[in-house]
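>
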Amino acid sequence: METIDIQIENDCYQYKANDDDLLLYNKSYRLPFFIFIGYALLELFNGASNTFRAIPKYFIVSREASYIHLSEKLLITTDAPYKVHYKKKEVFRWLIAIVIPFFLLFSLLALMCGLTLRSIFITPFEVEVLIIVAIILPLTFFLWLMNVKNLKSYLAYRKYLKEKKRVVEDILCE
Numbered sequence: 031m032e033t034i035d036i037q038i039e040n041d042c043y044q045y046k047a048n049d050d051d052l053l054l055y056n057k058s059y060r061l062p063f064f065i066f067i068g069y070a071l072l073e074l075f076n077g078a079s080n081t082f083r084a085i086p087k088y089f090i091v092s093r094e095a096s097y098i099h100l101s102e103k104l105l106i107t108t109d110a111p112y113k114v115h116y117k118k119k120e121v122f123r124w125l126i127a128i129v130i131p132f133f134l135l136f137s138l139l140a141l142m143c144g145l146t147l148r149s150i151f152i153t154p155f156e157v158e159v160l161i162i163v164a165i166i167l168p169l170t171f172f173l174w175l176m177n178v179k180n181l182k183s184y185l186a187y188r189k190y191l192k193e194k195k196r197v198v199e200d201i202l203c204e
């Protein structure tokens, strides 16, 4: 049996060897559901990394490969045939861990903006109102920055998926 040079830049992924092929998978999505949700919340409040926010994929690579390189953006290069699979369960977990918090943060941002505007324009300016405005505005700005970051990553993933789908379709047509 010859050795295979395996380089995985994405720290969420690991590999497992079967009889005929190698399986590269996201180890975070194999955790029990409630532990996974806790891990996702920690990631979210710690500034979810691009490696964690990527849609989970399974890469099945033939054992004929002499090298496998999985980049941080989940682009695989190898000299052997490979397949990319998605598991419905893990895509569902991705929706719960990444997409739903994005929209919850967005709605919280809208609520905080509404409260800020209400405090500025409707109530008379008193010391308490100025303190509330001074507290709410930085929080609103912080949540706005988080949502812009999440929106950019979401749009990048949509673009990546469309491109990857096109590449997979091209490979299947050959």
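Using our numbering, the first residue of the sequence shown is number 31, and each one after it goes up by one. We put the beta carbon where it would ideally sit given N, CA and C, even for glycine.
Which term fits asparagine 48, buried or exposed, when burial requires 16 or more other beta carbons within 10 angstroms of its beta carbon?
By the neighbour-count rule (16 or more Cβ atoms within 10 Å), asparagine 48 is not buried but exposed.
> Could you tell me the distance, in whole angstroms, from the CA atom of isoleucine 166 to the CA atom of tryptophan 174?
Looking at the two C-alpha atoms, the distance is approximately 12 Å.
> Roughly how many angstroms separate the alpha carbons of isoleucine 128 and threonine 108, rounded to a whole number?
Cα to Cα, the separation comes out at about 29 Å.
> Where does serine 96 fall in DSSP's three states?
If DSSP states are grouped into helix, strand and coil, serine 96 belongs with coil.
> For phenylalanine 151 and leucine 53, I'd like the C-alpha separation in whole angstroms.
Straight-line Cα distance between these residues: approximately 59 Å.
> Would you list the one or two residues that DSSP bridges to aspartate 51?
BP columns for aspartate 51 point to Ser92.
> Give me the DSSP bridge partner(s) of threonine 33.
DSSP lists no partner for threonine 33.
> Spatial neighbours of lysine 57 within its chain, please: CB distance less than 6 Å, with the 5 preceding and 5 following residues excluded, ordered by chain position.
If we look at lysine 57 and ignore the five residues flanking it on each side, its Cβ neighbours are Gln44.
> Could you tell me the distance, in whole angstroms, from the CA atom of isoleucine 188 to the CA atom of leucine 105?
Note on identity: in this sequence residue 188 is arginine, with isoleucine being the wrong assignment. When rounded, the distance between both Cα atoms is 15 Å.
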